[in-house]
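For reference, the structure is listed below as structure tokens.
There are 4 protein chains.
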Amino acid sequence: MSSNESIMSKINQFRDDRNWRQFHNEKDLAISISIEASELLELFQWKSSTEVKDKKLSRIKEELADVLIYSYMMADNLDLDVEEIISEKLKLNEKKYPVDKAKNKNDKYTEL
Amino acid sequence: MSSNESIMSKINQFRDDRNWRQFHNEKDLAISISIEASELLELFQWKSSTEVKDKKLSRIKEELADVLIYSYMMADNLDLDVEEIISEKLKLNEKKYPVDKAKNKNDKYTEL
Amino acid sequence: MSSNESIMSKINQFRDDRNWRQFHNEKDLAISISIEASELLELFQWKSSTEVKDKKLSRIKEELADVLIYSYMMADNLDLDVEEIISEKLKLNEKKYPVDKAKNKNDKYTEL
Amino acid sequence: MSSNESIMSKINQFRDDRNWRQFHNEKDLAISISIEASELLELFQWKSSTEVKDKKLSRIKEELADVLIYSYMMADNLDLDVEEIISEKLKLNEKKYPVDKAKNKNDKYTEL
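Residue numbers (UniProt numbering), protein chains in the order written: chain A, 1 to 112; chain B, 1 to 112; chain C, 1 to 112; chain D, 1 to 112.
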């Protein structure tokens with residue numbers, strides 16, 4: 001079992017112990033990812049990264065982990081391999097953001 | 001190198017090829033995770049999971065991958081191990097949601 | 001003074017009493033609107049509208065008001081008239097969603 | 001009819017012409033507010049307020065108007081008066097953020 005499979009099995013154990021798959025349709029998982037992403041963002045509200053990242057590192061860890069846990073659950077629901085979809089998306093992004101156009105630019109691909 | 005380290009190194013290669021770390025402060029990464037989570041959620045707007053998950057699986061894959069990519073970047077910025085923070089958060093969640101109280105319940109821990 | 005101007009002046013009074021304009025740049029206001037929208041959404045997590053709207057009406061009121069307050073602040077920062085930008089956007093939406101194409105459809109305009 | 005009632009009636013006209021109330025349950029309206037808030041935020045991704053607010057003012061207007069339109073629809077669905085819920089929330093916020101504690105502070109009320 002790869003380390004990634006082992007993490008997925010811990011996550012599934014957690015939800016199956018509570019019999020939560022009955023609530024875990026993909027729409028509500030997408031809602032949940034969005035809510036947790038927003039709780040992560042809230043740590044930075046009105047502040048700069050440097051003000052926040054040392055003082056609130058343990059909170060950042062927790063909220064970032066929540067985003068990841070729900071994202072892994074969504075992947076598992078849809079039989080997706082986390083590392084595979086990341087690899088495939090990086091390939092798409094390489095086409096949207098070719099190095100010669102995108103280097104040192106903070107613009108969206110539609111504006112490059 | 002574990003498969004997870006290998007994914008992280010692909011992600012970092014992608015951003016370093018474009019010299020993007022100059023923009024990748026943690027606040028803007030948190031913003032980006034939130035934006036991508038919202039694009040994932042948009043696929044389900046006005047619809048049920050069952051209406052969406054077959055017809056839009058390739059779009060779901062892409063948006064979920066974007067959430068994961070920015071989450072991994074945030075982890076890398078802060079020297080966090082993705083699998084470790086997930087494991088630690090699951091332990092916290094086990095305390096917030098003890099099996100005997102949370103089984104078959106869709107309430108927040110503050111309302112159990 | 002219209003009722004809308006009177007609401008705006010209450011909101012501005014609230015932030016000026018606390019000398020908060022120093023923090024209220026438009027980027028952080030956009031972050032704040034997004035965070036409050038997410039807190040509103042959290043009330044519906046794992047549940048249906050009907051389960052939620054009676055039981056949590058007072059919480060819905062509060063979170064919806066927070067979305068509105070930050071939206072009005074953003075409008076005020078940029079010298080925008082709330083009712084005017086709504087009217088203008090409705091006109092744009094009428095073109096994106098012509099009645100004959102959009103009636104009884106829950107699809108995005110790009111898919112009509 | 002107050003100007004605010006007049007705006008609400010334009011918004012309702014728009015959705016009733018398309019017979020969209022069948023899709024406009026409160027959960028999906030909350031999702032929609034959150035999606036539009038995120039599209040507003042996306043305009044500021046990787047950038048500062050000053051870089052964005054002049055160059056993208058017309059896009060800001062549109063996205064902010066979308067947040068407001070869905071928020072007004074939610075209010076209308078639940079028979080809430082927009083100005084009333086704002087006034088009531090400002091009163092609550094005055095207690096959470098008393099002037100003497102909150103003045104010149106960018107901390108959450110739980111940390112004041």
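Beta carbons: idealized from backbone N, C-alpha and C, even for Gly. Quick caveat: nothing in here was measured; it's all calculated off a predicted structure.
Kindly say whether C/Tyr109, judged by its beta-carbon, lies nearer than 8 Å to any beta-carbon of chain D.
no
Closest by CA to D/Met73, which one among C/Leu64, C/Met8, C/Phe14, C/Trp46?
C/Leu64
From the DSSP output, in three-state form, read off D/Tyr97 for me.
coil
Option nearest B/Asp76 by Cα separation, candidates A/Gln22, A/Tyr70, A/Lys53, A/Tyr97
A/Lys53
Grab the span of the alpha helix (DSSP H) containing D/Ser16 for me, first residue to last.
Note on residue identity: the sequence assigns Asp, not Ser, to residue 16 of chain D. From DSSP, the alpha helix (DSSP H) with D/Asp16 extends over 3-17.
Is it buried or exposed for B/Ser58, if we count other Cβ within 10 angstroms and need 16 for buried?
exposed
Can you confirm whether D/Asp16, when its beta carbon is compared against all beta carbons of chain C, has any partner nearer than 8 Å?
no
If you compare alpha carbons, which of A/Leu92, A/Leu90, A/Leu68 is closest to B/Ile33?
A/Leu68
Continuous alpha helix (DSSP H) assignments of at least 4 residues falling wholly in the segment 11-67 of chain D
26-42, 49-53
Could you list which residues in chain D have their beta carbon closer than 7 Å to that of C/Ser38, in chain order?
Ser34
Of all the CB atoms in chain D, is at least one closer than 8 Å to the CB of C/Asp66?
Chain D contact via Cβ: present.
Using three-state DSSP, classify B/Asp76 as helix, strand or coil.
helix
Smallest Cα separation from A/Glu42: which of C/Asp16, C/Tyr97, C/Glu39?
C/Glu39
For A/Asn93 and A/Ile31, I'd like the C-alpha separation in whole angstroms.
25 Å
Inter-residue spacing [alpha-carbon to alpha-carbon] between D/Leu29 and B/Leu78:
35 Å
Determine the chain D residues that contact A/Asn106 at a beta-carbon separation under 7 Å, and present them in chain order.
Residues of chain D passing the Cβ test: Trp46, Lys47.
Test: A/Ile31 CB closer than 8 Å to a CB of chain C
yes
State the Cα-Cα distance for the pair B/Lys47 and D/Lys101, rounded to the nearest angstrom.
45 Å
Could you pull out every residue in the same chain whose Cβ sits closer than 7 Å to the Cβ of B/Ala37, ignoring the five residues on either side in sequence?
Val67
Buried/exposed call for B/Arg18, threshold 16 Cβ in 10 Å:
buried
When the Cα of A/Val99 is compared with those of B/Arg15, B/Asn4, B/Ser71, which residue comes out closest?
B/Arg15
Quick one: is D/Tyr109 buried, meaning 16 or more other Cβ sit within 10 Å of its Cβ, or exposed?
exposed
Helix, strand or coil for D/Lys91 per DSSP?
helix
C-alpha gap between D/Ile86 and C/Glu83, whole angstroms:
For D/Ile86 and C/Glu83, the distance between alpha carbons rounds to 16 Å.
Residue closest to D/Glu88, alpha-carbon to alpha-carbon, out of C/Glu5, C/Asn4, C/Lys10:
Shortest Cα-Cα distance from D/Glu88 to any of C/Glu5, C/Asn4, C/Lys10 involves C/Lys10.
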